[in-house]
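Going line by line, the protein sequences match chains A and B. Under the numbering used here, the letters of the first sequence match residues 465 to 955, in that order. Under the numbering used here, the letters of the second sequence match residues 465 to 955, in that order. Have a look at the structure below, then the notes.
Protein chains: 2
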Amino acid sequence: MASMNFEDPEVAKFLDQTYQLLKEDALQKGTDREYPVMNFKHPNELKSLLDLDITAGPATYEQLLEEMKRMIQYSPKPGHPHYHDPFYGSLDAYSQAGSWLSSSLNVNLHTFEISPVFIVLEKYIFKKLCDLVGFQHGDGMFCPGGTNCNFFGLHLARFKKFPEVKKTGMFSLPTLRCYISEDGHHSLLKAVNYLGFGGNSVVPVSTDDRGRMLVSDLESSITSDIEKGYMPLMVMATCGSTVLGSFDDLTAISKVCKTYNIWLHADANWGGGVAASKQHRHLLKGSHLCDSLTWNLHQLNGLPEQCSVFLINDPTGNALEEANSARAEYLFQPDKHYDISYDSGDKTVQCGRKSDVVKLWMQWRALGDSGIEARIDQAFENARYLTEKLRTNEGFKLVLPEFECTNVCFWYIPHRLRGQLEDNKWWQEIGKIAPKIKERMTRTGSLLIQYQPMSNKGFVNFFRAIIHNPLCRPRDMDFIVEEIERLGHDL
Amino acid sequence: MASMNFEDPEVAKFLDQTYQLLKEDALQKGTDREYPVMNFKHPNELKSLLDLDITAGPATYEQLLEEMKRMIQYSPKPGHPHYHDPFYGSLDAYSQAGSWLSSSLNVNLHTFEISPVFIVLEKYIFKKLCDLVGFQHGDGMFCPGGTNCNFFGLHLARFKKFPEVKKTGMFSLPTLRCYISEDGHHSLLKAVNYLGFGGNSVVPVSTDDRGRMLVSDLESSITSDIEKGYMPLMVMATCGSTVLGSFDDLTAISKVCKTYNIWLHADANWGGGVAASKQHRHLLKGSHLCDSLTWNLHQLNGLPEQCSVFLINDPTGNALEEANSARAEYLFQPDKHYDISYDSGDKTVQCGRKSDVVKLWMQWRALGDSGIEARIDQAFENARYLTEKLRTNEGFKLVLPEFECTNVCFWYIPHRLRGQLEDNKWWQEIGKIAPKIKERMTRTGSLLIQYQPMSNKGFVNFFRAIIHNPLCRPRDMDFIVEEIERLGHDL
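This is the structure:
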């Protein structure tokens with residue numbers, strides 16, 4: 465075997481069998497309620513179940529297929545209607561087709577010549593997404609994940625304030641400060657570490673009881689920092705926080721930012737999807753006032769990982785190019801025979817950049833604006849249904865009176881703890897419940913939901929169901945409640 | 465349409481047809497000499513040929529298939545045996561299977577629970593690759609592209625020298641310096657910009673006539689910088705330079721680095737693949753002396769974009785975790801029921817991280833060590849054949865007497881310029897030839913080779929054939945020579 469020729473009948477047969485396996489085991493069974501959402505094995509068990517050795521020499525086609533089958537068997541199924549764990553997941557035929565197309569064409573987006581179709585697609589998509597968030601002078605860039613998009617926000621904020629950084633670095637800059645709600649994503653901590661600001665430059669701002677940044681506290685932190693001689697550079701507002709799903713008030717934050725000449729970057733990685741829904745886009749109100757915004761389309765919009773876009777509201781039209789260009793003479797020759805403004809590679813920090821746009825384009829083309837809107841609205845509808853169900857069940861306690869974005873957060877109260885005084889001791893007991901149920905859930909493979917504590921609000925371990933799978937129906941919401949009750953009633 | 469259910473017969477049929485289209489048009493025809501390597505259209509032509517609008521509402525399956533067909537038609541074919549343009553390319557059924565598997569499973573590698581199989585695979589692969597480059601205490605991380613891997617080298621160099629940077633940033637650091645050969649990749653410029661060092665921190669070191677860093681010049685730059693009060697932080701050695709394919713002398717550079725306590729990072733993004741070949745691994749001699757090394761497996765090893773690994777020679781065993789962790793309590797709960805040392809997500813800067821490991825594992829498992837070695841050796845054999853062919857043809861002039869890595873660099877001399885005095889005027893004329901041939905080549909769609917000047921060596925525009933496709937045979941090398949002669953003889 466080991467033929468590299470796609471015309472070889474044996475190779476073609478292997479591909480055909482691979483396709484059948486993926487369709488049946490990963491896509492069909494992986495989204496079918498009759499099959500488990502996961503089949504957990506501990507690391508050492510897993511190592512003995514897989515045949516990892518790649519050294520031995522050519523494998524047969526049967527061995528390769530067998531191994532892929534096992535990998536599917538022991539991997540969780542993020543497209544399953546009982547998978548409500550992290551923010552990504554969901555599978556559909558259209559974005560899968562786009563993803564496979566991207567892999568089969570294997571083009572790199574640095575110059576127009578070698579990636580004409582996807583560069584044209586990107587320009588089109590950036591315009592579309594900028595329109596949705598209200599960026600009049602919008603430009604965009606796909607980055608490898610939402611965290612990297614947030615890095616870009618900080619990078620652009622720094623460059624626009626201190627363009628000389630590109631040459632002279634941060635060695636002689638004033639000490640800079642960035643502001644984020646205490647419920648904001650940890651990617652800002654990663655960003656300040658990576659980009660050379662250090663963790664001390666992050667100022668966490670308190671949140672209200674729904675997890676939204678307290679804008680009065682933001683302003684007092686800023687004025688206090690200025691008095692101390694620090695320079696405020698950026699506010700990272702959160703649109704759909706990681707745990708509670710909260711949306712900061714962009715209009716109020718923008719007003720503060722304008723007063724103090726601070727870059728406003730919106731982390732809409734999770735919540736950005738609401739921009740496509742007439743019913744829910746009010747949650748992003750004020751997005752047009754931001755300087756930049758990031759949106760993970762592999763989250764609420766359900767694209768396969770990764771599909772993350774950084775958008776910038778840039779009246780100059782060349783901020784990305786100016787901030788990032790290195791003008792390598794071996795890539796961006798000036799004497800090319802076509803319009804080199806389409807050589808978009810120097811607008812980013814990557815050199816090789818795989819195509820993430822085509823899966824997004826395919827899904828949107830398949831569903832249309834109305835279909836994209838319907839899937840967002842349906843996710844909210846499911847979250848609402850689940851919330852009401854939990855509210856009226858004595859075995860559950862909601863963390864917030866209402867859900868935010870489509871995060872539904874709750875404690876399970878086992879029978880022995882119901883109807884008791886909710887004192888510290890009681891809460892300590894409750895904090896031990898979620899990890900125990902989670903362990904049983906994982907062994908059973910029936911359901912996937914994350915739990916976590918939330919120290920800044922004094923919340924002990926609670927479950928957080930993230931609802932976005934378009935396959936979910938009310939009965940899947942019912943299943944969450946029933947299954948947790950089944951797994952935990954004796955605890 | 466617009467069903468999200470994979471059991472829906474219409475959806476299953478659409479997937480079947482998508483698969484057939486990808487197999488036939490992208491993979492089979494895309495690697496078949498009977499079909500063109502590209503079908504170039506200028507941006508505005510392309511926009512009118514594609515039906516970009518995604519707003520209008522649900523598309524029919526026929527429309528989606530039609531549009532994918534067109535995207536394939538107007539995209540270049542990097543797996544084609546006449547495609548010798550950039551460093552990536554090549555297609556094989558095994559890594560495509562792995563890539564599609566990765567997309568269909570759509571798991572994210574932050575915690576073991578949601579990505580058990582691929583985390584186990586990664587650990588196995590890091591060990592394998594570290595063994596090949598001689599890292600005794602090796603650890604690794606997949607990063608989104610080789611440029612990002614180089615960022616990691618700089619990031620780790622900074623962290624290991626100044627761990628306090630993670631908290632306090634670079635504001636009060638001494639002015640740092642990084643060294644790279646003047647033939648090194650522009651990603652170091654991108655890195656110092658992004659990570660806050662600034663472009664002035666990059667010191668280009670001269671190269672010899674084969675494009676290798678002059679180690680004596682490196683040392684004198686370092687001592688001169690120290691005298692000026694700068695602090696040398698990192699040398700980025702190049703293993704397979706972008707234009708000429710040169711390999712720096714890692715052993716000699718390492719000696720200098722040890723003397724001055726400087727981090728040695730090897731950019732083996734292009735040349736790393738030689739580590740798998742007994743015949744060619746001498747080019748990486750001294751790799752075990754480096755502190756870190758990056759290797760783009762989507763280049764010489766021919767995996768689909770992206771497959772980039774950062775390797776670190778780390779006796780402490782926890783440098784990646786220490787440099788990058790943010791310990792988000794909503795991801796890395798300490799009270800989990802399994803061995804949380806497998807939660808590898810906090811070892812990197814990404815939060816969502818797609819799986820790049822499985823396509824690598826699949827290809828290597830399919831071919832075995834011997835098959836991987838054979839493909840590397842064959843690429844060198846093809847480069848050797850082409851070089852000899854060009855050497856003996858009066859219409860061509862080699863840029864270097866021998867090829868480096870598998871970069872074959874040459875000028876084409878049209879008839880009217882043969883046998884003349886090679887003065888400045890003659891060279892000026894030669895510099896205009898490659899862009900003209902390139903334009904014709906692109907219109908014809910028969911061949912894809914890049915050209916560029918090389919200012920630091922005074923070379924006017926020349927062609928650079930990058931040879932790595934395992935489908936290439938001597939007749940494809942013959943074709944390069946014949947086709948350029950055909951396209952350029954009258955110029």
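Every residue gets a Cβ at the ideal spot worked out from N, C-alpha and C, and that includes glycine.
query                                                                                                                                                                                                      : result
Do the region 897-912 of chain A and the region 795-807 of chain B meet, that is, are 3 or more Cβ pairs less than 8 Å apart?                                                                              : yes
For Arg882(A), count neighbouring Cβ atoms within 10 angstroms of its own Cβ and tell me buried if that reaches 16, exposed if not.                                                                        : exposed
Taking Leu573(B) and Ser808(B) to be in contact with their CB atoms under 8 Å, please state how far apart those CB atoms are, rounded to whole angstroms.                                                  : 7 Å
Residues of chain A with CB under 7 Å from Tyr588(B), in chain order?                                                                                                                                      : Leu516
Three-state secondary structure (DSSP) at Leu640(B)?                                                                                                                                                       : strand
Any idea which residues DSSP pairs His548(A) with across the strands?                                                                                                                                      : Ile913(A)
With a cut-off of 9 Å, does the C-beta of Met941(B) fall near any C-beta of chain A?                                                                                                                       : no
Thinking Met634(A) and Phe616(A) are a contact (beta carbons under 8 Å), I'd like their distance in whole angstroms, please.                                                                               : At roughly 17 Å, the Cβ-Cβ gap does not stay under 8 Å, so Met634(A) and Phe616(A) are not in contact.
Can you grab the Cα-Cα spacing for the pair Ile726(B) / Met698(B), in whole Å?                                                                                                                             : 5 Å
Buried or exposed: where does Lys511(A) fall if 16 or more other Cβ atoms within 10 Å of its Cβ makes it buried?                                                                                           : exposed
So which residues on chain A does Thr706(B) lean against when the C-beta distance must stay under 7 Å?                                                                                                     : Tyr794
Inspect the CB distances between the region 512-520 of chain B and the region 826-839 of chain A and report whether three or more fall short of 8 Å.                                                       : yes
What are the complete beta strand (DSSP E) segments, minimum 3 residues, inside the region 595-680 of chain A?                                                                                             : 602-607, 640-645 and 666-669
Ordered along the chain, which non-local residues of its own chain (more than five positions away) have a Cβ less than 7 Å from that of Val679(B)?                                                         : Asp713, Ala716, Ile717 and Val720
On the CB-based measure, 16 or more other CB atoms within 10 Å of its CB, does Glu769(A) come out buried or exposed?                                                                                       : buried
Let me see if you follow: with CB-CB separation under 9 Å, is Asn612(A) close to chain B or not?                                                                                                           : yes
Is Gly781(B) buried or exposed, if buried means 16 or more other CB atoms sit within 10 Å of its CB?                                                                                                       : exposed
Would you say Ala843(B) and His752(B) are within 9 Å of each other, going by their C-beta atoms?                                                                                                           : no
Measure the Cβ-Cβ separation of Gly610(A) and Asn760(A) and say whether it is below 9 Å.                                                                                                                   : yes
Using the rule of at least 16 other Cβ atoms within 10 Å of the residue's Cβ for burial, across every protein chain shown, is Leu885(A) buried or exposed?                                                 : exposed
Using the three-state DSSP reduction, which class does Arg928(B) fall into: helix, strand or coil?                                                                                                         : strand
Could you tell me whether the Cβ atoms of Leu1039(A) and Ile897(A) are closer together than 9 Å?                                                                                                           : One cannot answer for residue 1039(A) here, as it falls past the ends of chain A, which runs 465 to 955.
Could you work out which residues of chain A lie near Val863(B), taking near to mean beta carbons separated by less than 9 Å?                                                                              : None at all; the shortest Cβ gap to chain A is about 13 Å.
Is Asp731(B) closer than 9 Å to Thr702(B) when the C-beta atoms are compared?                                                                                                                              : yes
Any beta carbon from chain A within less than 9 Å of Trp564(B)'s own beta carbon?                                                                                                                          : yes
Here's the rule I'm using: 16 or more other beta-carbon atoms within 10 Å means buried, otherwise exposed. How should Gly952(B) be labelled?                                                               : buried
The beta strand (DSSP E) spanning Trp875(B) covers which residue range?                                                                                                                                    : Asn871 to Tyr876
Less than 7 Å between C-beta atoms, sequence neighbours within five positions excluded: which residues of the same chain meet that for Tyr552(B)?                                                          : Pro542, His762, Gln763 and Glu769
Answer with buried or exposed for Ser684(B), where buried requires no fewer than 16 other C-beta atoms within 10 angstroms of its C-beta.                                                                  : exposed
Listing by chain order, which chain E residues have their CB less than 9 Å from the CB of Ser710(B)?                                                                                                       : Although the question refers to chain E, the structure presented lacks it and instead comprises the protein chains A and B.
Would you say the region 494-514 of chain B touches the region 531-549 of chain B, given that touching needs at least three Cβ pairs under 8 Å?                                                            : yes
On the three-state DSSP scale, how would you describe Trp734(A)?                                                                                                                                           : coil
Given this structure, state the Cα-to-Cα distance separating Pro627(B) from Leu775(B), to the nearest angstrom.                                                                                            : 19 Å
Using a Cβ-Cβ cutoff of less than 6 Å, which residues in the same chain neighbour Ser566(A) once the five nearest sequence positions on both sides are dropped?                                            : Ser819 and Val822
Should Asn888(A) go down as buried or exposed, given a rule of 16 or more other Cβ atoms within 10 Å for buried?                                                                                           : exposed
Can you confirm whether the region 909-927 of chain B touches the region 866-878 of chain B when touching is taken to mean that 3 or more C-beta pairs between the two stretches lie within less than 8 Å? : yes
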